[in-house]
Every structure is written in structure tokens, then in C-alpha cells.
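A.B. asks: Questions regarding the structure given below will be posed in turn.
There are 2 protein chains.
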Amino acid sequence: MIKINFTSHNKEVYCNKGDNLLEVARNLNIFIDAPCNGNVSCGKCKVKLLKGNVDTEKTLHIKDEEWEQGYILACNTKVIEDIEIEVPSKLSSSMHGMKIEGSDKKRDKEIFDRAKNIIETHNLDFKTNIVKTYIELDEPTLDDNISDADRLERHVRNNLGYDEIDFKLDILKKMPVVFRQNNFKVTITYVKKKNKITILNIESGNTEDRLYGVAIDIGTTSVVVCLVDLYTKEVIDKASSGNAQIKYGADVIHRIIYSSKKNGLDHLNKAVIEETINPLLESIYIKNKIDKDNVVSLVVAGNTTMSSLFLGVYVDYLRQEPFIPPFLKSPKLMADDIGLNVNKSAYLYLAPSVASYVGGDITAGVLSAGIWASDENILFIDLGTNGEIVFGNKDFMMSCACSAGPAFEGGGISCGMRASNGAVEKVSIDKETLKPHLTTIGDCDPIGICGSGIIDLICQMLITGIVDRRGKLQRDLDNKRIRFNEHEIGEYVLAFKEEYNLENDITVTEVDIDNFIKAKGAIYSGASVLVESLGMDFSIVDKVYIAGGIGNNLNIENSILIGLLPDIEREKFEYIGNSSLVGSYLALISKDAKQKLKQIGNEMTYVELSVYPTYMDEFISACFLPHTNIEQFPTVKSLLGE
Amino acid sequence: MIKINFTSHNKEVYCNKGDNLLEVARNLNIFIDAPCNGNVSCGKCKVKLLKGNVDTEKTLHIKDEEWEQGYILACNTKVIEDIEIEVPSKLSSSMHGMKIEGSDKKRDKEIFDRAKNIIETHNLDFKTNIVKTYIELDEPTLDDNISDADRLERHVRNNLGYDEIDFKLDILKKMPVVFRQNNFKVTITYVKKKNKITILNIESGNTEDRLYGVAIDIGTTSVVVCLVDLYTKEVIDKASSGNAQIKYGADVIHRIIYSSKKNGLDHLNKAVIEETINPLLESIYIKNKIDKDNVVSLVVAGNTTMSSLFLGVYVDYLRQEPFIPPFLKSPKLMADDIGLNVNKSAYLYLAPSVASYVGGDITAGVLSAGIWASDENILFIDLGTNGEIVFGNKDFMMSCACSAGPAFEGGGISCGMRASNGAVEKVSIDKETLKPHLTTIGDCDPIGICGSGIIDLICQMLITGIVDRRGKLQRDLDNKRIRFNEHEIGEYVLAFKEEYNLENDITVTEVDIDNFIKAKGAIYSGASVLVESLGMDFSIVDKVYIAGGIGNNLNIENSILIGLLPDIEREKFEYIGNSSLVGSYLALISKDAKQKLKQIGNEMTYVELSVYPTYMDEFISACFLPHTNIEQFPTVKSLLGE
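Chains as they are written, first to last, in the UniProt record's numbering: chain A, 1 to 642; chain B, 1 to 642.
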């Protein structure tokens, strides 16, 4: 046996000769960010060898200077003798992304208002089919000695007027003790369906005022959980964190590949349920003094892959031609089926997917955006991991998925991070000094950059001439913030480590910019094709809704200038935030909305870009700042004086 | 920490000073029989202290000679220092009772024939609502790329003609891989209900010929599992063992008391599911090469307490006035709800109980006995642990429960054992030598005595004058088989240890006889009251069915002579064996029979003996051999020449 000492975590572990260092760390629950899931392609899993020798190789990701200091890629390292390893505490290799973030009351209110607006505008009901009622059962005597279950049934029949009563074993298990805690005075929670009720909870005494539901948005990168009062329909609290699946890969493809490996599916399922959602729920319960048994309904939205992994369903055939998902519509589920930290009998509904790469997050988003009832032509762009686009109105809806990767959520960018505290969300660059002015979320010192920040940064680099329209740094600028490594790859320093007491400089490299240009090119070309496939162009679009985790301070102007969004009237654009969460919330509080959501899933058309004749050409043309055809971007043309 | 070395099991364990020795052994899974569940009342948990000192006391159960040898009661012993303990390997403290016993093809055939007879006599259907069908799905292409779940649904709609399809998560989890193992050729198992089907299983290829169900009888003492081919309806195999709950007490009252202690309910639930039923199923699967996923339906019968513990439902209120059971009717259940070792989606039905002490074993027994359709007056006596009685015909059925304890299954008798190999099942005693002639189950050397053997033995002791009508041994008989201990308690030696190379003599003591007389008195008086309550006497009875685990060789004549059964025409009696198992089997193979079973549960009347005015007098009168009023037993009167 070989001993590894992870000095940074004060943990020792024994493993076998030849074991992979990244795997060993994972088994020990030491988080090492590995977006490519150990394929030696992203270079993020850099750790420092303090003592001993390993079987490894220097890769392009490791600078000479780093190599000399002992930096190695964990995924590319076999353990051969006792060693000491330091996992750098910087962003990329910390659990920072898993920090639970609380709620912002103002934003919670926005969710409620947006949903309420949809409900009112479209005359939807504002109610669920879940009821909670306080009842007083007859106390048993020697002459009235029917069983506890029969006593409840008799009461329901005689006093509530339902013919049939149904419950799961967990309810039966509660019955004897709950009945006797308060002399057979109890509160029952149930779902009614015609003349039958299904009991979801029984509690001692009168607890009629406590009835909750949960809306969950499972993003590939981030997960948001939203606790809702099912009486007032108000958002009580919200909490979010990174999706703990990130350690198995940053995007859905890497996750799917991992899921097909031994125990992979189980690991991914546990990562999202036990390591992400359940802790988020627990944090809300503690803060708000909520009994989890009072959470009796859930609506969950995620892309097709996230939905499958959430249920622990094998999803590898999604990745192989002909790209078949295991399911699109939500199966009938109860929370206990997958071990969620809520009432065991709670109803669980998954927003329906449309296709392998247009999932429940999009149908929920479309529900909240109101496209299904709109007279205007709406272009809906979800800038999450990957990126999905819907175009339509009340008569038709078309959707497509772009292979944009996780760039808009900070993935695939060396100093990228999701839109949370410490993320640079706005950037302007001084034309003379080329010094950036940074605004961070939470107004703290910067620790990385999120999607909206990257857009600003690249736009400013383009305008100030730091990069050309191919995204390459000018070689002849003499400025300490612009530098090139031994492979002649340029980088711009957003923040020197000395400025903010960081472990490393925050930089954006030409590789990062290239990744980002591909991402924004995928979105723009996807939108173009969708509109063109109807024989139209962007002028037909009445409204553009931008959704997703890109950050609240998305600068529309800058997004247009770099060619992410079409160069049309600015007032047509609106950033609508986490529309998937708002849609889940809508379906949670309104039966009608849930019905609409099902309908959206059934009726939306899917366009497969990869087989669409002109898509590849469109994509290549869009991989430029803003586009090879500058005529499509008159604003940029005049700004750059071309 | 204190070390205990169980030399007999070659196991060492550490515990705390003051820990109870019986508890420590249980935690280590060392079985020490404790019918009274550690109340220092039965004296069965006798172990030998080989080394060290303990905090214990000599009780009446320990003979002087044993005390000198180091024998102590585990339940009455606190550990105070390192010790060595030997758990005697004799019957009372071995795992003998948990040995899995296989099937006897002849008896299996009897089950089938008895059930078939009921089905034919009463024109019941001979079918279930479970169907298995081989289907060939269209293979997916880029043009036909609907999800796996939708593909199945489409096929069912178009080809099988059902409107709705439903399945649990475990089926969805199987789908992607099973579909592709054999090019989308699969076999589905489903339950149909009107125009809707619920999928219970999907398998690759054509497996239409494999469809199984399981009937289970959960006795307080023994458990029998019966695997059934749902096509042919034949019994494929049967296996039985003791109920592993026995370590927590021999009768339902001790179990209920234990269930209300910390973790007690959980321990009892695990004992019956994980330690009893699942191993029995596993033994059958291995022997018959059965895939557990093909077991899709179960019918289970047990008394009210066994039914509750089987589901893990709190049952302590059954023991406290007004004696309320948690449930009587079977809740809707799937095998996975309680972790049974069968298909997760398998349907699980519990035979309904009638009252706190008349359970599903009795309704199932009554189903198989055909009382519900009989013109004749039938007296049904279940001689299991406790003992329940039903009297009735097609127009009415009345039931009662007797506090007979476990004596008929060998419990509460010092050398008692259940009716399995090595149990003495027949006894005759030579009038001159007083030497017994023994017949054992399996024709092996005797290791204990079962219910039918005890009846024979006591009857023979009465006839030969070894005991008087009070059950006391004659003091003046000079015979080596009759002896008295220091407390003047007499015993009769059935087998000397030297005769069969036993660790101890097999004896029956006056205490045993007294216990048995109380048990038989409870049954006889219960039956009397039931018949009398209708203003009748035993002459009105047309048939007496004896059911239960008392042993196949019950001697009716002897049972009458000792006053267990009424002294009426011998041809009216019939031993029908494990009627609870036959009833479960019937409900498993016939929809109509299951319906009848529900009806029996709803319609049977329950008579509470403890509040019945004349019961106590009747009981006391019956605690005699055969009865204080010998006029009720003319046969005995003439035999004893009184």
C-alpha cells in the first residue's frame, strides 16, 4: 500500500501502486476541479507534488516555471510511491462553487411578480390540487375499536365526502403515534382527484397553516432551490450552489461519458441529490424552521441529461446516434423514489423535455416567458451551459440546441466562475492605460470572472484594440497587462495577485477568448438558422428574451458588439434571469400552468442543427468578432470605422 | 471496555461494564433462545460462564448442579469484567429453528389439490390479472427518435390497444439497456385494469414462459414461502424456517412489547424480512434457477401483529385497551416498499385481519376451508401460536382468539420444538415398563418434541397413570424415567441422553404439562363459548377443521382424550394443515379467490372472549385432563372407568 498525504486537507489515504491521483482524491471527497473529467484536455486539475515521485508527464497546460515547482495534472498522474500533495486553494480547485448561497429578497420578489404577471395576463388559476384539513376523529373505545386506518377512512367518507382514500406505507407508519399525540385531533394533507384522495401527510394537532412546495432548477453548473408557501404562493426562501456533479465534468457530454462508467451513474445521481439538492433544502429548513414533512409538492426543471441523472436513469444512448433520450415526459414520481429530503409521499413533477438537448429547463423557461400565448414573435435564448434557443409565438414554437459549452457560466475559461460573490460581472478598460475597471458581485475583491464579465471584457478588448476581430492579442502593445508565454499564447491581466492578495493573477488568455468566441458563435448561428428556417431574418423578431445563469448584469450592447446577439433595436431585448426556475415555480403554484407546461412539451418542434444544411457555414462565419460578415452588425461597423 | 469471548461461536466482542449479556449476544447475532424476551421468566437463555465473574443471580430455572457448573441466565446477567461464555449447542439455544427446510413434493401437491378443489367446487376463476407479452418495438432511427419511454407507450397504444401506461422508476431505469440487449425485442409483464396497464417488468428477448408469484404464511413461530408458477398455477417449490423474530420473544405479546422499545420495531421488521423471508426466497431461487425479477405478485398471510411487524408499522396500541390495531385491510403495497427480495414493482397483498387477535392467517385459512360457501356448520380451529377459532357456514361466521400461547408449536415447553426434522411427533408408552416408543419427523434421532407429540405424550401419561387429571406426576411410581428435582417438580424422561448421544435428556416437566393444559384449555373453552353464544352446543357441529403448525400427525383421538377437542364423532374431524398458506396461494392464483378473501375480512364477526361473561369459568373448567366436567367427555369417562 502507498500512502498519499494531502497536506492542504490534512488527510492521509492509502492506495495501490498505479492508482490514478484524481480518482484517489475523489474517493476521499477531496474536490479537484476537472471539467474534462480526467481526459488530460482542460488542465484544471493542477496539483503540487511536495514530496516523492510519481508517474506523470508535462503537458501543454503546465508552464515551465510551474513544472519546476512540482505542479502536475492529477488526472495524468499514477501514484508509484508515498507522496505529499498540495491541492491549491484557488478557485479552480476549491469547493468554492459548492458554497450554499442564500436568498436575495428583492430577486425572490421578482420571481413572484413575474409569475403572478403570467398567471394574471393569461387567466390561469392560482391554485394547486393539494389540500390541508384539520379533523377531529372519534376516539376509539372498546365498543368502537376499528383500526386506525379504518377510522381515518370512515371520517373521510362521512365528513369530507370522498369515496376512496389511498396512502403509502409511510403514512400508515405515522398513523398510530400521530393519532394519539393529541387525542385523535390531526391535520391531513391530501391530493384530491375526483372522488378519491391520496394522503400525503398526517400531523398531530392543527397545522393547517404549514404547507410548502419546492421549485428546483437543476443547471449543469448551478442548482437553485426555491421554497414556496403553497397558501400565499409566495417565495419563502431560495438557496443555490454549484452542481456537485461538476467534479465529474463541466458539461453534459463529459457527465454522460462518466455516467456510463462503473458506478458513474450512481455517483452522478448522488452528487446532485445528496451533495447538492438535499443540503440546499436542509439549509432552507434550518433557516426558516420548516419541518420537511410539510413539503409535499415539487416541480423540477433541468435539461434532458440533468433530468435523467436526477432520477438515476441511464442516459448514454443520448450521446450515440440516433441520440435517444430515455424519457421526455415526467414519469409518475414520489420524492421518496429518489431520496429527496422532503416528505416521502411528496409529489414530484419534472418539466418535460422536447428532445435530447432541449430539456425541461427550456419548456419551463418558455412557460415563464409566455411565448405560448404571445402574438409577437419572440426569440428566447437560454445562455446557460450549452445554450438553447426557442423562436415562436402562440401559433408555433421551434427550438434548437447549440453546442456552446459552459462558457457563459464561466466554464472553459481559465479564471471563469459562476455568477456568485467575487465574480467580475462588469468590466470597462481605459483606452490609454489599458487598465480595467472591475465590478464584482457582492462588491468584494475579485476571485474570477462570470459570463457577463467575459462579454464586457472581450467587447472592451475589441474596442480598445487589445484584440483583433479574430480574438488574437495585438503583438505590439507595450503594457504590463499584456504578456505572452513560451508558446506565444497571449494573455491579458485583469487583476494582478498583488492588487487583491490573490494566489495567482486573474487573466484571460487567447485560448479563453477562442473558447468564448466559439460559444457565442454557436448561439448566434443557432438563432440565425432557426429564424432562417422559416424564411425570415432577425427583423421579424419582436422581442428577445435572454435567460440563464450568465449573470444579472448582462450588457446587451456589449453582447451585440461581440456578435453574441443580433444587431437589432436595443429595446427589444430583455434579460429575464433564471426563467427555468420561474417556470417551475409557476407549475408548482398553478394547476393550469402545470397543464400548459405539459402542452409546451408536447407541442414544441425541435430542429436538429447538426443535420441542418447551412448550419456549419453559419457557425464558422460567426466565430469572429462580431462576425465575418460585418454587414450583419452595422453598429460595430460604424464603431470600428470599417 | 470489557471483552466477552463466546467460545462456542469463536467470536469476541467488546462491550461496556454493566451491559446485559443477552443484548450483547443479540447485537453480535449470536442466537440465544429467549421466549420471554429477557424477562427472567422462562429460563431458556441459559449459558455457561467459563471464565471471569458476572453480576447475576440464581433463579428457579437453574438447578443446583447447573449453578455449580457455571450456568447463568443471559437475560439476568450484567457483564462486569472480561469473561468467557459458552452458549450450549442444544436445541433451545441454537439456530436450529432458523434452518431452512426444503419442500416435500407430495405435500406441495396436496396444497395445489386442496386449492384446486376449492376453485372447482365454488366456480372461481383460475386466473390473475397479470399478463406477460413478448413485443417487438420499432428500432429508433434519426427520423424516428422518440424517447425509449415514448416508444414503449406508442407500441402499447397501437399494438396492444391500451390507452394508458404506467410504470415505476425502476422500470424506467431498466428500459434503455434492456431495449438494446436484443434489438428492441422485449417481454413486458403488466397488470391490466380497464384500459390502463401498469408495467411490472421488462426483459430482453422472449421470456414469456417465466412468470411467478409467491404465497407466504408468516407464523409467529414458523414462516413458509411458496413459489408458484402463475401460468400453470403449480407450486414449484416451498421452503420454511423459524421466524427469526423468535429471539425477541416467543409470542406476539412479547414481540409487541419489544417493538415499542428503542429500535425494536426496526429489529423485528428486519428479522422477518431480511433474516427470514429473503433468505427463504433466495434458497428457492438458487435451487430452481429463478430470476427474482420474474416474481411479480405476492400474497402474504399472518396474524394482525405479524402483518404490522412485516410492514414495520407500530403495533403497541394493540396491547393497550381499547386494543386498536393500526390497520386490518391491506394497504396498497409494492414489494420494494418493504425491501422484499423479488421484483421491485411486484404487487403485494396482505390477507385482511378481522380484529386485533384474529388476523390474515385466519381469513386465509377460512378461505381455504370453504366455510364461506358451506351449508354445514364448520368449526375451524387454528392450532398455531395462540390459537384462533371460527365457527360458521355460508350465512354467518364468528371468530375468537384464545390466549393459548405457543405450546402447540413447541413453545413454552422445555424440550419443545416446531414440527421439523428430529421432532418427536408420535408417542406411545408401554403400560408395564412406562418406556416410550417415539416416532420422529424425518425418522431421525429425537432432538425435541412438537405439538402433536406433546398431545400423544400427555394422553399416554394420563392413560398409563403417570399423571393424574390435574397433570401431576404420581409420586409413588418407581421408575427411572420419573424423577423429581429439589423443588419437588416432577419430570418424565422421554429420551435419555445416552440413548441418542444428546447433550441433555429430553424430558417433559410438570411445568410443561401445566403450560400445555392451559393452552388446550384455552382452545376448548374458546370453542365452547363460540358455539354457546349462538345458543348451541357441539352436537350442532358438522365438521371440525384443525389447521396450524401442530404437525401433520395430529392424533385426533388423543386430542379428544386430553380435552383439547370436543368428544364428538371422530369422522367429523379433519386436519387440514397450513390452511393460511393454502388460502394465500388461492388468492395468488385466482382473482375471484382474492375477492372472496377481502369479503371474508369484511364480513366475519369477532367475539372478544375476555369480556364474554362465562368465558373465565369455562376456561378454568377446561384446565383439567380432559375437563372438570367429565360428562362432556364420555369416551374418557369410560376409558378411565370413572
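Glycine is no exception: its CB is placed at the ideal position from the N, C-alpha and C atoms.
Here the structure is a predicted model, which means the values were calculated and not measured.
Would you list, in chain order, the members of the region 160-187 of chain B that have their beta-carbon closer than 8 angstroms to a beta-carbon of chain A?
C.D. replies: Listed in sequence order: Asp166, Phe167, Lys168, Leu169, Leu172, Lys173, Met175, Pro176, Val177 and Arg180.
A.B. asks: Looking at C-alpha atoms only, which residue of Asp443(B), Lys480(B), Val508(B) and Gly312(B) is the closest neighbour of methionine 461(B)?
C.D. replies: For methionine 461(B), the nearest C-alpha among the options comes from Val508(B).
A.B. asks: Which whole-angstrom value describes the C-beta separation of leucine 530(A) and methionine 398(A), a residue pair presumed to lie in contact below a C-beta threshold of 8 angstroms?
C.D. replies: 6 angstroms between Cβ atoms; contact.
A.B. asks: Measuring only the C-alpha atoms, how far is leucine 350(B) from isoleucine 72(B)?
C.D. replies: So the alpha carbons of these two residues sit roughly 42 angstroms apart.
A.B. asks: Can you tell me whether DSSP reads tyrosine 585(A) as helix, strand or coil?
C.D. replies: Here tyrosine 585(A) sits in helix by DSSP.
A.B. asks: Tell me the DSSP secondary structure of cysteine 459(A) in three-state form.
C.D. replies: The answer is helix: DSSP assigns cysteine 459(A) an H, G or I state.
A.B. asks: Hey, would you say threonine 189(B) sits closer than 8 angstroms to asparagine 201(B), going by beta carbons?
C.D. replies: In contact: threonine 189(B) and asparagine 201(B) (Cβ atoms closer than 8 angstroms).
A.B. asks: Taking the continuous beta strand (DSSP E) assigned at leucine 200(A), which residues delimit it?
C.D. replies: From DSSP, the beta strand (DSSP E) with leucine 200(A) extends over 196-204.
A.B. asks: When we look at the beta-carbon of asparagine 195(A) and count the other beta-carbons within 10 Å, is it buried (16 or more) or exposed?
C.D. replies: That one is exposed.
A.B. asks: Do alanine 622(B) and leucine 379(B) have their CB atoms nearer than 8 angstroms?
C.D. replies: For alanine 622(B) and leucine 379(B), no; Cβs fall outside 8 angstroms.
A.B. asks: Of all the alpha helix (DSSP H) runs that stay within the bounds of the region 24-112 of chain A, which reach a length of 4 or more residues?
C.D. replies: DSSP runs (the alpha helix (DSSP H)) wholly in the region 24-112 of chain A: 64-69.
A.B. asks: Is the beta carbon of residue 666(A) less than 8 angstroms from the beta carbon of leucine 502(A)?
C.D. replies: Only positions 1 to 642 of chain A appear in the structure, and residue 666(A) is not among them; the question remains open.
A.B. asks: Of all the residues that make up the region 321-335 of chain A, which are near chain B by a beta-carbon distance shorter than 8 angstroms?
C.D. replies: Against chain B - using a Cβ distance shorter than 8 angstroms - the residues of the region 321-335 of chain A are Glu321, Pro322, Phe323, Ile324, Pro325, Pro326, Phe327, Leu328, Lys329, Pro331, Lys332 and Leu333.
A.B. asks: Near asparagine 386(B), which residues of its chain fall below 8 angstroms by C-beta distance, leaving aside the five closest residues on each side in sequence?
C.D. replies: Only Thr220, Asp251, Val252, Asn303, Tyr357, Ala401, Cys402, Ser403, Ala404, Gly405 and Pro406 meet the Cβ criterion.
A.B. asks: Nearest by alpha-carbon distance to lysine 105(A): which of Glu409(A), Val235(A) and Asn288(A) is it?
C.D. replies: When each option's Cα is compared against that of lysine 105(A), the closest is Val235(A).
A.B. asks: In whole angstroms, what is the alpha-carbon distance linking glycine 577(A) and lysine 289(A)?
C.D. replies: When rounded, the distance between both Cα atoms is 28 angstroms.
A.B. asks: Thinking C-beta only, is phenylalanine 391(A) closer than 8 angstroms to alanine 519(A)?
C.D. replies: In this structure, phenylalanine 391(A) does not lie closer than 8 angstroms to alanine 519(A) by Cβ.
A.B. asks: When the Cα of glutamate 84(B) is compared with those of Ile197(B), Leu438(B) and Gly52(B), which residue comes out closest?
C.D. replies: The candidate whose alpha carbon is nearest that of glutamate 84(B) is Gly52(B).
A.B. asks: How far does the alpha helix (DSSP H) with aspartate 542(B) in it reach, from first residue to last?
C.D. replies: No alpha helix (DSSP H) contains aspartate 542(B), which DSSP labels as neither H nor E.
A.B. asks: I need the straight-line Cα distance from isoleucine 620(A) to glycine 521(A), nearest angstrom please.
C.D. replies: Rounded to whole angstroms, isoleucine 620(A) to glycine 521(A) spans 8 angstroms at the Cα level.
A.B. asks: How big is the Cα-Cα spacing for arginine 470(B) and glycine 38(B)?
C.D. replies: For arginine 470(B) and glycine 38(B), the distance between alpha carbons rounds to 30 angstroms.
A.B. asks: Inspect the beta-carbon positions of leucine 298(B) and leucine 348(B) and report whether they are closer than 8 angstroms.
C.D. replies: Contact flag set, yes.
A.B. asks: Classify methionine 306(B) as helix, strand or coil using the three-state DSSP reduction.
C.D. replies: Residue state, collapsed to three classes: helix.
A.B. asks: DSSP state of methionine 175(B), grouped into three classes?
C.D. replies: In the structure shown, methionine 175(B) sits in a helix (DSSP, three-state: H, G or I).
A.B. asks: Do glutamate 388(A) and isoleucine 362(A) have their CB atoms nearer than 8 angstroms?
C.D. replies: Contact flag set, yes.
A.B. asks: Let me know the secondary structure DSSP gives aspartate 478(A) once reduced to three states.
C.D. replies: DSSP places aspartate 478(A) in coil when its eight states are reduced to three.
A.B. asks: Between the region 293-319 of chain B and chain A, which residues of the former have a C-beta closer than 7 angstroms to a C-beta of the latter?
C.D. replies: Result list: Leu311, Gly312, Val313, Tyr314 and Tyr317.
A.B. asks: Is any beta-carbon of chain A found at less than 8 angstroms from that of leucine 142(B)?
C.D. replies: It does: the Cβ of leucine 142(B) has a partner Cβ on chain A nearer than 8 angstroms.
A.B. asks: Return helix, strand or coil for residue 675(A), following the three-state DSSP convention.
C.D. replies: Because chain A is modelled from 1 through 642, residue 675(A) falls outside the range shown and cannot be assessed.
A.B. asks: For the region 59-70 of chain B against the region 1-21 of chain B, do three or more pairs of beta-carbon atoms, one drawn from each stretch, fall closer than 8 angstroms, so that the two count as touching?
C.D. replies: Because the criterion of three Cβ pairs below 8 angstroms is not met, the region 59-70 of chain B and the region 1-21 of chain B do not touch.
A.B. asks: Whose Cβ in chain B lies nearer than 7 angstroms to the Cβ of asparagine 145(A)?
C.D. replies: By Cβ distance, chain B contributes Pro322, Phe323 and Ile324.
A.B. asks: Could you pull the start and end residues of the beta strand (DSSP E) that phenylalanine 380(B) belongs to?
C.D. replies: Taken as a continuous stretch (DSSP letters only), the beta strand (DSSP E) holding phenylalanine 380(B) covers 378-382.
A.B. asks: Compare the C-alpha of alanine 301(B) against each of Lys637(B), Ser610(B) and Lys594(B) and name the closest.
C.D. replies: Of the listed residues, the one whose Cα sits closest to alanine 301(B) is Lys594(B).
A.B. asks: Can you check DSSP and say which residues form a bridge with valine 228(A)?
C.D. replies: Looking at the DSSP assignment, valine 228(A) forms a beta bridge with Gly213(A) and Val235(A).
A.B. asks: So, at 6 angstroms on beta carbons, what are the nonlocal neighbours of threonine 56(A) in its own chain, with the 5 sequence-adjacent residues on each side left out?
C.D. replies: Result list for threonine 56(A): Ile72, Asn76 and Thr77, in chain order.
A.B. asks: Among His254(B), Asp163(B), Ile463(B) and Lys58(B), whose alpha-carbon lies nearest the alpha-carbon of leucine 309(B)?
C.D. replies: For leucine 309(B), the nearest C-alpha among the options comes from His254(B).
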